[in-house]
Structures are given as C-alpha cells and as structure tokens.
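Heads up: the sequence lines are chains Z and A, in that order. Quick note: the first sequence uses our numbering, first residue 31, plus one each step. Quick note: the second sequence uses our numbering, first residue 525, plus one each step.
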Amino acid sequence: MSPTTRVQSVTCLGCGCGCDDLVIELAGDRIASVSPPCPLGRAWFGDGRVPWAVRRSGEDSTLEAALADAADVLSQAFGHALVVLAPDVSAQAQRAALALADLLHATVETATSDPAAAGLLAAQRRGRTAATLGEVRNRADVLLFWAVDPSARYPRYWSRYAPDPAGTHVPEGRAGRTVIAVTVGQDRGPAGADRELALNPDQEVPALSVMRAVALGNRLGELPPPLQRAAEIAGHLVKARYSAIVHEAEPGAEPGRDPYRAEGLLGLAQALNGPSRAALSSLRAGGNRSGAEVALTWLTGYPMAVTYRSGAPEYRPASRGVAAAAGEAGATLVVGAASALSDVFWSAAGRTPVVVIGPRASETRSPVRVAVDTGVAGIHEGGTAYRMDDMPLRLRPPLPAERAAVDVLTALLAAVRTRAAARAK
Amino acid sequence: MTAPARLRIVGGAVHDPANGIDGEARDICIEDGCIVADLPAGAPTLDARGMVVMPGGVDIHAHFASSSCNHARRLIPDEHAADPAPAPRLADGEPLARSGTGGSVPSTFTTGYRYAGLGYTTAFDAAVAPLTARHSHSELDDTPCVDGGIFVLMGNDEYLLRQIEAGERDRARDYAAWLLRATGGYAVKIVNPGGVEAWKTGQRNVSTIDDQVSGRAVTPRAILETLTDAANALRLPHPVHIHCNNLGVAGNSDTTLASMQAVAGRRAHFTHLQFHSYGGGGGQPWSSAAAKVMDYVNAHPEVSVDVGQVMFGSAMTITADAPVEYLLYKSSGRRWTNIDIELETGCGIVPLTYKEKAAVSALQWAVGLELFLLSQDPWRVVLSTDHPNGGSFLAYPALIQLLMDRSVRDEQLKRVNPKLLAGSALADGLAREYTLNEIAIITRAGPARLLGLRTKGHLGVGADADVTIYSRDADLATMFSTPRYVIKDGALIVEEGHLRRAPAGRRLRVAPGYDDALLPDLRRHFERYSTVAFDNYPVADLPGEPVTTA
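Here you go:
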C-alpha cells in the first residue's frame, strides 16, 4: 500500500472562488482525498492523473521535434495566427503565450464567456464598484443574490465568503446578515433567503432602473407589483451598512439574458454608494480565466479580444469569439485545456494546423498537428492564478509535473524567435 | 553589437550633485555595470563633448505596476486605441522587443521603454495593496529598463489598526516588517490614514488627524506616529511615505501641517504635496497655501516631499484614497471604479482632464510650481507628477522647462484661469529658474538619497552605471524628452534617441527583521478573517537580493 502524504493550503481552481485552504491527501502519485468536501473541488482534482504524451500529427514524438514543427507552423502563419488562452494554466504560462502572440502578430482570444464579456464592456463604459471576497465576507450586512444561487457552481461561496462566516464587522455571521434572493425567469436566487423577489426576464432591467432610482433618492410614481417590490428591496439596500450584490457573470439557465443586465447592476451598485456602501461581486468561472484577462490587460491594455496583427495590440470586442477567430486564422495555438473549447471552434479551426499545449492536449477530440501534454495549474504546476475578484493566488501543486506549460511555451517562444530573427534579416 | 563591459564617456558636462560636480567637463568611466575611477587606454569611448551628462533618472513616486493600475488600464480602451505602441526595433542580436499601448496608463513593456526613452532608470510604484503584491511583481517582471520596487499600503490595514488600538506599537512595527518581507516591498506607505477604513464604514472619511476611525480607539495621528516610528526603528532605507488626509480638499493645508507636526523630529516623506497645499474652505474660495506649507518644509530638515505637479491635459486618477475618488466621480460625472480590498486598503479610479481654463486645475498647477520655486532645499523637494494622477511621467520634460525657464512659465500663466490665483506667489511673480544642477538633484540625486539608494542618483566610483546624456537644446522640453544616450548598468539602451536594448530591471526590496512572537497571533488573525491562507500569503521566489537597511 502506498504511503499517504498530506499537502496543506492547496489552491483549487475548480470554480472562480479560488479557495486556497484545501488539504490534499496523496496515496503514492494519486490524489486520495480533498477536504473540505466540495463537489467541484473533487471534480477539479480528480485523482490527479493526467497524460504526459507528446504527439505530432497523431503520432508519438519527441518534445524537440514537436516544438520545431509547432514553431514552423505558427511562424508560417505570421500575421494571421490565433492564440487561444484556454483555462487551467497559470498566469506565467498565459504570459508566455502572450509573448508568442506578440511575436507572431497573432490574434488572441480568451475563454471569456459572452455574458462575462458583456460585463467587462459595461464596466469599461461606466466603471464599477466592487470588492474583494474578503471585504464581502467581513463587511456585508446585506447580501443580494441577483438571479443566482451560488450553491451549484460556486459551492463554497456561501460558507467561505458570505453569508455564513463571521466577519470583522459581522461577528454573528449569517445571523447578522440579511439575505435577499432575486429570481429572474429560470435563474433562481438561493433558498432560505430573508426576502425574495421574482421577476420575469422582461421585468429585470426595469426593476434595476427602479432600484437605482431609489438609491439616488428619486421620487417614484405608482409602480406595478414586481417593481414596487423591487423598490422596497432597494430601500433595504439603502439602509444597509454595506451591501454586496452577488450576480452570475457567466451564462445562466435563462437563455436570453437581457444585455443591459450588467449595466443595470453596475449602475445600481454605484448609486448605492451615495446613501450607503455597496459592492458588486461578480461570480466568474474557474481555471484561471480571470488570470488570462488580467495578464492580457497588463500587456496590452485590453482584457480580451485583442489582435496584434498591425504590430501593436488592437481591441476588437465587437467581433470577439474564439470560433470566428479560428475561421480567419492560418494556424492556431491553444494554450490550456482544449476540452473547454466548443465544437464550433473545432470545426472552424480544423481546416488549418492547430497546436495544443496544455493539460490533456493529447486527448483533444479533434485531430491536431501538435499536442503537448502539460500539468494542470495548481495540481501539477505552481505559479499564480487569479480568483474571480482578480486577487492573485499562490499555486501550491500537490503533485509533480513531468512537463510544465510555462517551460514548454518558453521553449516554443525561443524557437519562434529564432525563426523571426531569421525572417528579419 | 553587444554592450561593452567597459566604456569611457568622454568630455561631457557632468552634473553629479551628489559628488559636488556642477557641469564640469569630465570623463565618466564604466566597467562591468559600475562607475569606476579610470579605464585603461583603448577602452571603448562615447564622445559626449558638448552634451550634458547626468545619472539616470529616479522616480520616487509613480503608479505603473499594480493591480489598481491594471483596473485603470481596463477602463480606458479609448486611450489605448489612440496610442498604439509597436515593438521598438532593438539592436541586432538583441531579443525582439514587445509591443503595447500607451495612454495615461501604458501597458507594462511600453512603460519600461518610455521611462528609458526619458532617461529614467529607476522607478517605484507608490501604492500596492499587500494582497496584490504578487501581481505587482508580475508587472515589474514585464517592465524592462528600470530597476523598480513597490511601496506597501499599511495605513488602513485591519491588523495594524488592531495593534494600535491595543497599544501594541512594537507588534505593529513587527507587523510592518513582516508585511514588507512578505510582499517584497521597499517602503511603508500610508494613504489617507484611517480614512479608507472610514470609507468602508458609515463614517465615509475622516477630516482631521484626531478623528476617531469608525468609532474605534484609533486616529490618523496614531497611525502616522506608529508607522513613522516603525519605519525609522526598522532603519528602512526610505522613511514612511505619507499621503495625508483630505487630499484635494479646499483648506487641507491645515491637515497637512498638522500631519507634519505629528511626526516632527522624525524622518518622514510627504508625497504629492501639491494635492495637500490648499487654502480656503469653510465657505472661503480655494486658494494656494503653498507658501505656508513650504515654510514648514524649509524649516524642518527631517521632512522630505515630492511635489505631485499637475500638468494640463489627460490624466488618470488612481489612488487607494477611495473616498476622494467618490467625490471626484460625483463632481466630474466621469467613469468611476472602486475596489475595496480585503481589510487592507481601497482603490479608486477616475479619468480626469486638467484644463487651463478650469479654475481649480489652474490653481493646482500654480500650487505645484510654487512649491518647487519656494523650496530652499532641492534635495528634499523632488519632482513627481504622481504619475498618472497629476499627469504622465512623459510630462516631466515640460515640467522641467517650466522650472528652468520663467518666460515659458509666464506665458502659460497668462493662459490659465486666474480666478483662484489671487494672492498666489506664482501670480505675484516668482523669478527663480532652476539650474541644470538643481534639475539633476530633483530628478536623480535627491530621490535616490531619499530612497536610501546608495548606488543610484550619482556617478561616483561604485555607483550603478545608469547614465543619461542629453544634447543641448534651447527648447528644454525637447532636450529632456529625447536623451541622446541612456546607459543602464553599463549597457547603452538608448542610442541617438532610439531604444536599442531593453534589459530586465532589478527588483529593489527590503527584508527587515522582526520578532517571531508576532506570528502566532497573526496566523490566528488570518485564520479568522482572511480569505487567503497565511502560508500562501508571502510572495516567494523574488528576484535579486534585498537592499540592506540603513
């Protein structure tokens, strides 16, 4: 029987909560248990085993030969390559991928979902009032869950951040907080709330407008019942010491989310800072998706949808989309978990050479030119990942990596640089 | 061509005030990245005859490598689109450079290249939330050409406030030391002491240094005293770096002077003093209080300041002083970002334009110039625009021109809104013109000395071979915006005004000692209130060795 070892303070990227208090028990080279128990955490870590293959056109290859081929393919697509920042790699690997994109004058797409992108664009139009998860935990005496129940996709938000834990300004924990659940169509708020509001999807933005008006102290006329209820809830927010409006920034169950939801939530949170204090807590998916946006921003000024085609970063949010970009690309480099990409992407990308460097690259369901398996950020690879609130977290991998994504990308970068230097002469 | 290990810079007019050299034609010799006394005959030479030679510039206070800056970058896609920055073409054999974007908050590589193009070789990010230090170091990794470091925000930190409340000032000092080590920080930073914590509660802000913070037994005065004493007791190379309460408020000079008096007799650095030197308030119109504030600074050698000059044009206000940004948002109607950060500090961001015809902008511009022109000791009153708050670091040459050339200053004075300038020293006519040596002091020698950087800001034997060489030009703004040569650690990085090399910068950080008895209590605090594990909090694997304490 294999000896058991424990690794403490491990960071989980199974969702955007970025819990870094996990204890992993290893039995030999496998993960035997994950605690505290969390279904997404268990799924994220699994037993820790990943493939470590290197493939070229479907055949086993040496890493050197695979990277030389990848460098050739990508260099030949100079000016019309695509780099996709897929999930599950560290910020250091994302940074190396962006160095490649810059060198190749490539287009960059991230795994940012459409609703999340809408939120980023809305925040660029008007700014945002937000708080880190620690502030929500320690200060929020009123929590408004807007069309989201975090229990399914962010299982520990409730117990680790709010409303359950005691905080510096909320020593009673849940008993010291008011929880308000807002349901919009199929997107339900959490059970067990102190107050509730149910809206049809077409009532959502009007309700947010009414609530903002209340926060601004505007006089309101007679309102239909759901909006009157929304106004009453806004009154509670105004009286809060510190309210947190928690919303799902990723796709929900309701198929046609109102495109103005993000703007409405941002406006409401900003307005509440007149009479009170308020922050918007945007729930984002895991796998270091936030890290891709953060690194892209420090390197280009833009959080997503960038092309280096002209020789300097340009923003193209109106035509963003990994599948559309793949259709225009001469070659594609996927950095991260390719399994996160849609069939539409593969169908568009499959016409040209695709290089995949990341966890389980060799298990990519579509044929690719080069596949290099690496470890998973936080399981086999260290570095930094970003939580949903853009806080950087240390990754403390419980298992060793046979091949780290950042090292593979750095080697590929060197090979592409050599070709670029030759081209420049 | 690779950078020569040896180089003799021949015959330039050397301005090296730290070594008492004021424009003498001299040779400067470089070997293995350092200044040396002499070189053998036949060493490579660089002809600098007729040119002006200074140490590389040292920026004591800017915002360019932080999570807050990244939030600001995200807020201005319009500015980035208007200022694309293709990768500069470096010398043959050099690694390919990186592209980026500019605007008031450029991307990281572009920031490094532009600092180098300006002749600056060292810069500090002046406000980093401890929890985000890991991010700042990532940005610094991607900011080439400048040696850099971070100042760590502590003036509203929950654990620190608790120690002050409990009278545990020794533990507060140990915590400051632990935090500097954990974050790879260089200096202790205070922003609006207690005011940011008040912003997060119903109190919203403090208005005097003796206000209680959110009903607790803590005042801004106590925070100032505790952290000033801590930085001095720890013998940090740079004293506590203070952004006073009431930034940008009419009549705030009383608060500024009270803050200085609170730490009288102790080394302390007061930052962007321009934003804290206003008269008026209480029903009276805004006015300049620069003379009153500078009288105090001139008379107290333990005090140093950077000015935080406002320059007309686009700017980006980024500060941990979140309540100020709320007021700015309400008054300007511009985009507003606020991020409350983890029981540590805050972050507020509002894009802004300073206009000649706006009365308050004109007053701010005048107050900054007055501070410079009334200063009796350039070693203690050094240059900053609080980049990008008062203007970009790219505006430094224009500011230098204003300081060196009264006629340029007077011409601009004729154009600005005079409404609030009655009684200001500038409007009354300040004839002083800075000399080249004084410029060398306020942009290099002074900041380096205030930062305790023994090998920066001068060209004596043993100094880092960071050298900027300017061609003389009657237009001083042109002269200072386009150095002919810039040398970093002995390598020519700017030649004939073009960036040719872009070496990685070194990290400047400290590692003061502390009493381990702090740790059990601190760990308990983390376990109760933090969302980051105590063991994961410190930033590991930082490059380079810490700078030794004074």
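We treat Cβ as the ideally placed atom computed from N, Cα and C, and that holds for glycine.
- Going by DSSP, residue 547/A is part of no alpha helix (DSSP H) but of the beta strand (DSSP E) stretching over 545-555.
- In this structure, the CA atom of residue 934/A is about 20 Å from the CA atom of residue 831/A.
- When only Cα atoms are considered, residue 73/Z and residue 43/Z end up about 10 Å apart.
- Residues of chain A with a Cβ closer than 8 Å to the Cβ of residue 165/Z are, in chain order, 724, 864, 865, 866 and 867.
- Three or more Cβ pairs closer than 8 Å define a contact, and the stretch 598-614 of chain A falls short of that threshold against the stretch 568-587 of chain A.
- C-alpha of residue 193/Z to C-alpha of residue 158/Z: approximately 22 Å in a straight line.
- When only Cα atoms are considered, residue 1017/A and residue 798/A end up about 33 Å apart.
- DSSP places residue 240/Z in no beta strand (DSSP E) but in the uninterrupted alpha helix (DSSP H) bounded by 234-245.
- Beta-carbon to beta-carbon, residue 814/A and residue 923/A are separated by about 16 Å, too far to satisfy the 8 Å threshold.
- In the DSSP secondary-structure assignment, residue 558/A is bridged to 555/A and 988/A.
- Under DSSP, residue 421/Z takes part in no beta bridge, so it has no partner.
- For residue 187/Z, the nearest beta carbon of chain A is not closer than 7 Å to its own beta carbon.
- Residue 876/A has 839/A as its beta-bridge partners, per DSSP.
- For a Cβ distance threshold of 8 Å, residue set 125, 328 and 329 of chain Z lies close to residue 666/A, ordered along the chain.
- Listed along chain Z is no residue with a C-beta nearer than 7 Å to that of residue 702/A; the closest approach is about 17 Å.
- Judged by DSSP in its simplified three-state form, residue 216/Z adopts coil rather than helix or strand.
- In chain order, 860 make up the part of chain A whose C-beta sits under 7 Å from the C-beta of residue 300/Z.
- Collapsing the DSSP output to three states places residue 819/A in a helix.
- By the criterion of a C-beta distance shorter than 6 Å, residue 705/A is surrounded in its chain by 1035, once the five residues flanking it on both sides are discounted.
- The beta carbon of residue 81/Z sits closer than 7 Å to those of 390, 392, 393 and 403, all from its chain and outside the five residues before and after it, given in chain order.
- Interface with chain A (7 Å Cβ-Cβ cutoff): residue 318/Z is excluded.
- For residue 675/A, there is no enclosing alpha helix (DSSP H); the residue is found in the beta strand (DSSP E) stretching over 671-677.
- Residues of the stretch 344-355 of chain Z that bring their beta carbon within less than 9 Å of a beta carbon in chain A comprise 344, 345 and 347, in sequence order.
- Spanning the alpha carbons of residue 750/A and residue 714/A requires a straight line of approximately 11 Å.
- Residues 941 of the same chain have their beta carbon placed closer than 7 Å to that of residue 881/A, with the five preceding and five following residues left out of the count.
- Taken through DSSP and simplified to helix, strand or coil, residue 635/A comes out as helix.
- Secondary structure note for residue 1050/A: its alpha helix (DSSP H) is the uninterrupted segment 1042-1053.
- Between residue 364/Z and residue 114/Z, the gap from beta carbon to beta carbon is short of 7 Å.
- Between residue 1047/A and residue 424/Z the beta-carbon gap is near 16 Å, outside 8 Å, which marks them as no contact.
- Annotated as distal: residue 315/Z and residue 216/Z, with beta-carbon spacing of 7 Å or more.
- If you check the CB distance, residue 321/Z and residue 416/Z come in under 7 Å.
- Residue 87/Z has a beta carbon lying at 7 Å or more from every beta carbon in chain A.
- Within the stretch 659-721 of chain A, the runs of beta strand (DSSP E) that reach at least 3 residues and sit entirely inside it are, in chain order, 671-677 and 711-715.
- Secondary structure of residue 862/A (DSSP, three-state): strand.
- By the Cβ-count criterion, residue 762/A is buried, with 16 or more other Cβ atoms from all chains shown falling within 10 Å of its own Cβ.
- Restricted to the stretch 262-314 of chain Z, the alpha helix (DSSP H) segments that are unbroken, complete and at least 4 residues in length are 291-302, listed in chain order.
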